[in-house]
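A.B. asks:
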Amino acid sequence: MRGRWKAAAAAALSGVLALSGCGGGGKETGDASKVEVFSWWTGPGEADGLAAMVADFKKKNPGVEFVNAAIAGGSGTQAQAVLASRLQNRKPPDSFQGHAGAELLDYIKAGQIEPLDSFYDENGLRSAYPQQLLQQITYQGKIYSVPVNIHRSNMLWYNPKILKEAGIAGPPASIADFIAALKAVKDKTGKVPLSLGAQWTADHLLENVLLGDLGTDAYNALWRPGADWNGPAVTKALHDFATIVGYTTAEAASTDWQGAAKAVVDGEAAFNIMGDWAYGYFTGGAPNGLGKKLGTDFKYAPSPGTDGTYMWLSDSFTLPKGAPHRGGSLLWLKEVSSKEGQDLFNPKKGSVPARKDADKSLYTGYLEYAFNEWNKPGVKLAGSFWHGVSASKRQHTDIDTAVGLFLQSRDVGKLQAGLAEAAKNSGQ
Amino acid sequence: MSPAPARRRLRKSLPGLLLVSPSILAVGLFVYGLIFWNTRVAVSGRHDEVSPYGFDKGRDFVDLWHQPSWPGAVRHALLFTAVFVGGALLLGAFLAFLMDKGIRGEAGFRAVYLFPMAISFIASGVVWRWLMNPAPPERAVGLNQLFHKAGLGALANDWWQDPGWGMAAMALPAIWQMSGYVMALYLAGFRGVPEELREAARVDGASEWQVYRYVVFPRLRPVTLSALIILGHISLKVFDLIMAIAGKQIITYVPAVATYVEVFDRHDPANGATIATYLLVAVAVLVVPYLVWSVRTERVR
Amino acid sequence: MTRVLRPALLLLFAVLFLIPVYVLVVTSLKPFAEAGPQQAWSLPAHWSLAGWRSAWTTLRPGLVNSVKIAVTGSLLSAVLGSLNGYVLAKWRFPGADAVFTLFLFGMFIPYQAVMIPLAGLLTHLELAGTIRGLVLAHVVYGIPICTLIFRNYYVTVPDELVEAARVDGAGILRTYAWIVLPLSGPAFAVTLIWQFTSLWNDFLFAVFLGAPDSWPVTVLLNNTAGSGAVAVQYDQQMASALLASLPTLLVYLLLGRFFMRGLMAGALKG
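So the sequences go chain by chain: A, B and C.
Numbers given in the working numbering equal positions in the first sequence, counted from 1, plus 234.
Numbers given in the working numbering equal positions in the second sequence, counted from 1, plus 14.
Numbers given in the working numbering equal positions in the third sequence, counted from 1, plus 9.
(1) Using a 10 Å radius around the Cβ and a threshold of 16 neighbouring Cβ atoms, would you call K261/A buried or exposed?
(2) Would DSSP call A202/B helix, strand or coil?
(3) Measure the alpha-carbon distance for A625/A versus Y373/A and round it to whole angstroms.
(4) In the structure shown, what three-state DSSP assignment does W391/A receive?
(5) Can you pull the chain B residues whose beta carbon is under 7 Å from the beta carbon of P53/C, in chain order?
(6) May I ask you to list, following chain order, the residues of the segment 613-633 of chain A that have a beta carbon less than 8 Å from some beta carbon of chain B?
(7) What's the gap between the Cα of I181/C and the Cα of W100/C?
(8) Here's a check: name, in chain order, each residue in its chain whose Cβ is nearer than 6 Å to the Cβ of A287/B, leaving out the five neighbours to either side.
(9) Please list the residues of the segment 161-176 of chain B that have a C-beta atom closer than 9 Å to any C-beta atom in chain A, keeping them in chain order.
(10) Throw me the rounded Cβ distance for the G71/C and W224/C pair, which I believe falls under 8 Å.
(11) Can you give me the Cβ contacts of L578/A inside the same chain, cut-off strictly under 6 Å, excluding the 5 residues immediately before and after it?
(12) DSSP three-state call for G260/A: helix, strand or coil?
(13) Counting only Cβ pairs nearer than 8 Å, list the residues of chain A close to V241/C.
(14) I want to see whether chain B comes within less than 9 Å of R141/C, judged by CB atoms only; does it?
(15) So, is the C-beta of G310/A closer than 9 Å to a C-beta in chain B?
(16) If we count Cβ pairs, one from each stretch, closer than 8 Å, do we get three or more for the segment 118-129 of chain C versus the segment 209-220 of chain C?
(17) Flag this pair as yes or no: are the beta carbons of A362/A and R628/A separated by less than 9 Å?
(18) If we define contact as Cβ-Cβ less than 9 Å, is S595/A a contact residue for chain B?
(19) Less than 8 Å between the CB atoms is what I'm expecting for Y228/B and A215/B, so what's the real figure, rounded?
(20) With a threshold of 9 Å between beta carbons, is T156/C in contact with chain A?
(21) Note down, in chain order, every chain B residue with its Cβ under 7 Å from the Cβ of R183/C.
(22) Reducing DSSP to helix, strand and coil, say where Q642/A ends up.
(23) Under the three-state reduction of DSSP, which class applies to R60/B: helix, strand or coil?
(24) Leaving out five residues before and five after N383/A in sequence, what residues of the same chain have Cβ atoms less than 8 Å from its Cβ?
(25) Along chain B, which residues have their Cβ under 9 Å away from the Cβ of G652/A?
(26) Using three-state DSSP, classify W491/A as helix, strand or coil.
(27) From which residue to which residue does the beta strand (DSSP E) around R386/A run?
(28) In the DSSP output, what is H333/A paired with across the bridge?
(29) Counting only beta-carbon atoms, is A503/A nearer than 9 Å to chain C?
(30) Where does the unbroken alpha helix (DSSP H) through A281/A begin, and where does it stop?
(31) If contacts are defined as beta-carbon pairs under 8 Å, then H333/A and V570/A qualify, I think. What distance do you get, rounded to the angstrom?
(32) Give the range of the alpha helix (DSSP H) segment to which G617/A is assigned.
(33) Could you list which residues in chain A have their beta carbon closer than 9 Å to that of D77/B, in chain order?
(34) Relative to the alpha-carbon of Q312/A, which residue among R266/C, L218/C and G271/C has its alpha-carbon at the smallest distance?
(35) Straight-line CA distance for D316/B to D218/B?
(36) Is there at least one Cβ from chain C nearer than 9 Å to R683/A's Cβ?
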């Protein structure tokens with residue numbers, strides 16, 4: 235008993251030392267007996283997709299034990315916090331899920347994940363993924379993650395019956411049309427013009443309004459170091475954002491994204507702007523989906539003013555420095571980067587493969603549309619800031635705060651100042 | 015001061031000290047070691063995870079007030095604390111007062127008032143989100159829906175989404191959870207007042223209310239104080255409740271949530287530690303005088 | 010008048026207190042399509058146990074872990090608290106009050122802020138991710154409250170009893186075993202109930218210090234909410250919430266009077 239406490243005291247001391255910046259492991263052994271994979275895929279659909287990929291992994295790699303360390307809460311709650319704690323204590327999983335892009339910056343700067351350029355070369359991945367995608371996830375000339383899927387953020391979901399009732403011909407093609415349509419819904423029907431959920435869905439709405447108003451190039455420029463957030467174009471976009479938020483629901487803060495999206499297919503709200511994961515939710519059978527019909531219950535279009543641009547986000551996997559089973563990690567990364575792996579995972583998850591050479595016949599309904607849009611020659615890519623592509627975690631949190639304060643004050647000037655400040659402090 | 019009594023005193027106190035020493039070590043390491051670490055980080059000026067530990071002379075304690083989200087978080091915590099502590103104390107005392115004289119089915123009532131303590135907000139959070147939903151009448155759910163159905167539409171309100179008073183509504187689930195415990199404390203306190211004292215007051219012509227006012231309540235000051243301390247520190251550190259019902263939204267931002275966001279979302283260890291230090295100081299201001307007072311009065315007793 | 014008013018008021022509050030549970034229970038017994046906030050107040054049109062069944066399948070491994078953690082943890086806490094309380098009340102040493110005060114202050118540490126170094130500490134002890142590590146953390150952070158309960162209780166035990174045993178030549182442990190322990194029932198009841206509840210309901214330690222095979226029920230409960238592109242299965246979620254709370258609920262319903270008795274005997278007040 236006493237001995238243990240002494241050991242504890244010693245350990246604490248060494249813990250303090252380690253925290254003050256020493257440490258760092260030696261070269262890894264390449265142990266491939268096991269692989270512990272950390273993700274936030276615990277819900278049906280995503281968990282099923284993961285399971286399908288794991289089954290394929292086991293078939294190809296018999297004898298490698300797979301440990302599923304999934305914790306719910308990907309968009310910034312428990313899973314990421316637990317991950318941060320494990321990485322800082324140098325007890326990393328063998329591979330972890332992260333949104334591809336700037337969200338990984340903190341891990342890169344802290345030296346917690348390894349560059350994967352040689353992995354890309356060895357597996358011929360540089361030509362398998364779209365060039366624009368690889369460009370947008372490259373940091374200082376190196377790639378740190380392996381994308382497995384692509385979701386689309388800039389999607390507008392609408393209820394055709396309510397649009398007809400309000401005398402709106404079709405989905406609005408520009409932000410100005412959108413505002414006019416919202417007004418028409420409000421004036422001519424008793425319905426909610428635009429349903430909104432908790433604070434983060436307002437962040438999601440913001441990125442869509444910015445993209446729609448500024449255009450792809452100006453939107454992408456906002457996320458480069460030293461970007462100007464004080465210009466008149468941003469001011470106009472934020473005024474539009476304020477106008478649009480004015481047409482949303484009073485109970486937004488206590489509604490999750492599902493509740494907000496459901497209002498459209500239930501005929502309570504005319505529009506909702508949400509990523510394309512909403513499609514699986516609308517059309518899937520019970521108990522995982524609402525069993526609604528495309529065409530009658532709802533329709534979709536690119537969010538206003540963004541046709542031709544794919545505002546993407548991607549789940550990707552990484553190689554943590556000091557992974558206990560480095561060999562297993564590499565095998566897993568190979569699985570998630572493979573055509574078979576992505577084709578097993580994506581139809582279940584409701585996303586499209588990040589690779590260009592996937593089997594098109596597996597993607598039906600909305601996914602066929604998404605597949606074609608993603609692979610369409612000349613498509614422009616914009617990185618979703620809210621879903622981790624273009625903003626570091628600090629900027630991401632600071633924008634969220636500015637938006638949260640705005641939802642209370644509705645003061646556009648303060649919002650713009652907050653966003654400019656967030657960009658200045660982004661640390662990118 | 016001869017050596018003999020000193021040795022005897024040592025022999026007398028050593029076994030006790032030995033028996034407590036594992037706890038002393040554990041608390042020293044796990045509590046004070048970490049408090050020390052936290053304070054160190056708070057003054058380190060280390061606002062990301064790669065900079066070295068420096069010393070910023072406590073600047074962050076001032077800078078924090080310029081963070082856009084911080085003043086609101088403090089205001090929210092104060093309002094929440096006032097409503098929660100006050101509400102739980104009053105309701106708990108009132109329930110105990112109603113039950114004091116003995117009532118049929120007392121055990122059942124006690125169980126009903128106590129059971130919310132057994133349920134974590136991880137479990138009950140969704141229900142509270144439903145109950146306190148501010149949707150307008152045509153889409154109303156939860157308590158507002160109930161009010162509209164019962165013709166009490168005037169009672170329907172915005173609950174925690176009210177920009178000014180929202181945190182007062184956020185205190186309702188906390189009152190629900192803790193007032194049974196306060197009730198139990200007071201009930202134990204009431205029953206600890208000897209019947210002769212009450213009888214004597216009655217003989218002197220005191221009304222039932224006066225018996226409570228002048229005989230019973232004054233003897234319950236220690237109970238009130240300890241309930242106040244327990245509720246107060248729960249309140250300042252409130253985290254689970256907010257995360258389960260509202261998440262990390264600005265409208266219900268409080269310091270404990272801010273610590274979490276700074277450490278795990280913004281990756282700003284210094285800010286996280288500074289907020290934690292403020293929390294610890296706030297709790298200390300509340301608790302230390304009480305601890306000193308209670309240890310001292312006991313010695314007098 | 011008061012004869013009617015008191016029970017009426019008590020009944021009114023009882024109903025108010027039960028509202029959240031009503032919603033939980035009713036929703037958990039509805040089929041998927043019916044379970045939702047709009048129909049929160051109505052009884053199930055079709056009764057269904059599907060939610061409970063899938064809750065049971067998902068939560069079972071966590072329930073086993075939770076039992077291990079909460080039972081061992083609260084027993085150890087109670088033993089430690091009892092010994093500490095005994096020494097600090099009856100076998101005092103110079104500085105005992107200071108130690109007590111320092112212990113108590115430990116109750117108030119904001120855990121979110123120290124989670125990373127705490128996890129680091131357990132990693133160094135090679136206890137991270139294990140049930141033993143979780144128990145250790147719970148027991149250590151339980152020392153303040155458990156010591157408080159027992160000390161306040163033992164203060165009410167007459168000093169003469171302990172003195173008499175001492176005069177008879179009994180040492181510290183024998184006095185404890187013969188005189189103090191047999192009197193400790195009410196304080197043990199309060200401590201065990203209190204610790205069992207907080208260990209069972211803990212989420213923060215569990216998610217940061219645990220690992221997939223040591224996760225207790227709260228982490229699995231949180232995982233059932235999911236994060237993905239699917240409908241929230243409210244029937245399953247509510248059933249899970251109830252299932253996860255059932256052990257602590259039973260403890261309060263069945264042992265609530267021991268809790269009360271312990272409070273009245275002087276534990277945890279004043």
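Using N, Cα and C, we set each Cβ at its ideal position, and we do this for glycine too.
Small disclaimer: the values here were computed from a predicted structure and weren't measured.
C.D. replies: Considering the structure as presented:
(1) Taking the first residue of the first sequence as position 1, residue 261/A is located at position 27. Below a pLDDT of 50, predicted positions are generally treated as unreliable, and K261/A, at 40, falls in that range; no measurement from the model is reported.
(2) Sequence index remark: in the second sequence, residue 202/B carries index 188 (1-based). Looking at A202/B - three-state DSSP - the assignment turns out to be helix.
(3) Working through the first sequence from its first residue, we reach residue 625/A at position 391. Working through the first sequence from its first residue, we reach residue 373/A at position 139. Roughly 13 Å separates the two Cα atoms.
(4) For the purposes of this step, residue 391/A is taken as residue 157 along the first sequence, with counting starting at 1. Reduced to three states, the DSSP call for W391/A is strand.
(5) Here residue 53/C refers to the residue found at position 44 of the third sequence. Residues of chain B passing the Cβ test: none, with the nearest at roughly 16 Å.
(6) K627, R628, H630, T631 and D632
(7) On the third sequence, residue 181/C is found 172 positions in, with the first residue counted as 1. On the third sequence, residue 100/C is found 91 positions in, with the first residue counted as 1. Roughly 8 Å separates the two Cα atoms.
(8) For the purposes of this step, residue 287/B is identified with residue 273 of the second sequence, where counting begins at 1. Once the five neighbours on either side are set aside, the close Cβ partners of A287/B are N52, V55 and A56.
(9) D172, W173, W174 and Q175
(10) Locating residue 71/C in the third sequence gives position 62, where the first residue counts as 1. Locating residue 224/C in the third sequence gives position 215, where the first residue counts as 1. The Cβ separation is near 6 Å, so the contact holds.
(11) Here residue 578/A refers to the residue found at position 344 of the first sequence. So the list reads A286, M287 and D290, once near-sequence residues are dropped.
(12) Mapped onto the first sequence, residue 260/A falls at position 26. Any reading at G260/A needs caution, since the residue's pLDDT is 35, under 50, leaving its predicted position unreliable; the model's value is listed next. It is coil, neither helix nor strand.
(13) Walking along the third sequence from the start, residue 241/C turns up at place 232. Neighbours of V241/C on chain A, chain order: D490 and Q492.
(14) As a position in the third sequence, residue 141/C is number 132, starting the count at 1. For R141/C, the answer is no, since every Cβ of chain B falls outside 9 Å of its Cβ.
(15) As a working note, residue 310/A is residue 76 in the first sequence. Note that G310/A scores 45 on pLDDT, short of 50, meaning its location in the model is unreliable and no value can be drawn from it.
(16) yes
(17) Residue numbering aside, residue 362/A sits at position 128 when the first sequence is read from its first letter. Residue numbering aside, residue 628/A sits at position 394 when the first sequence is read from its first letter. Not a contact, by the Cβ cut-off of 9 Å.
(18) On the first sequence, residue 595/A is found 361 positions in, with the first residue counted as 1. Not an interface residue.
(19) Here residue 228/B is taken as the residue at index 214 of the second sequence, counted from 1. Here residue 215/B is taken as the residue at index 201 of the second sequence, counted from 1. Between A215/B and Y228/B the Cβ distance is about 7 Å, and since that is below 8 Å, they are a contact.
(20) Reading the third sequence from its first residue, position 147 is the one you call residue 156/C. False, the Cβ-Cβ gap to chain A never drops below 9 Å.
(21) Translated into the one-based positions of the third sequence, residue 183/C becomes position 174. In chain order: nothing, as chain B lies at least about 11 Å away.
(22) Numbered from 1 along the first sequence, position 408 holds the residue referred to as residue 642/A. DSSP places Q642/A in helix when its eight states are reduced to three.
(23) One-based indexing of the second sequence puts residue 60/B at position 46. Correct three-state label for R60/B: coil.
(24) If you number the first sequence from 1, residue 383/A lands on position 149. If we look at N383/A and ignore the five residues flanking it on each side, its Cβ neighbours are S548, D549, Q576, F579, N580, K583, S585, V586, P587 and A588.
(25) Locating residue 652/A in the first sequence gives position 418, counting from the first residue. P82, listed in chain order.
(26) Mapped onto the first sequence, residue 491/A falls at position 257. Correct three-state label for W491/A: helix.
(27) By 1-based counting over the first sequence, the position of residue 386/A is 152. Segment N383 to R386, the beta strand (DSSP E) holding R386/A.
(28) One-based indexing of the first sequence puts residue 333/A at position 99. D549/A.
(29) Residue numbering aside, residue 503/A sits at position 269 when the first sequence is read from its first letter. No, A503/A does not count as interfacial toward chain C.
(30) Here the question's residue 281/A lines up with position 47 in the first sequence. Note, A281/A: alpha helix (DSSP H), E280 to K294.
(31) One-based indexing of the first sequence puts residue 333/A at position 99. One-based indexing of the first sequence puts residue 570/A at position 336. That pair is no contact at about 14 Å.
(32) Position 383 of the first sequence, counting from 1, holds the residue named residue 617/A. G617/A -> not in any alpha helix (DSSP H); beta strand (DSSP E) instead, spanning K614 to G617.
(33) For the purposes of this step, residue 77/B is taken as the residue at position 63 of the second sequence. Going along chain A, no residue has its Cβ under 9 Å from D77/B, so there is no contact; the nearest lies around 12 Å.
(34) Within the first sequence, the letter at position 78 stands for residue 312/A. The residue with the shortest Cα to Cα distance from Q312/A is L218/C.
(35) With chain B covering only 15 through 315, there is no way to say anything about residue 316/B.
(36) The shown model of chain A, from 235 to 662, leaves out residue 683/A, and the question about it has no answer.
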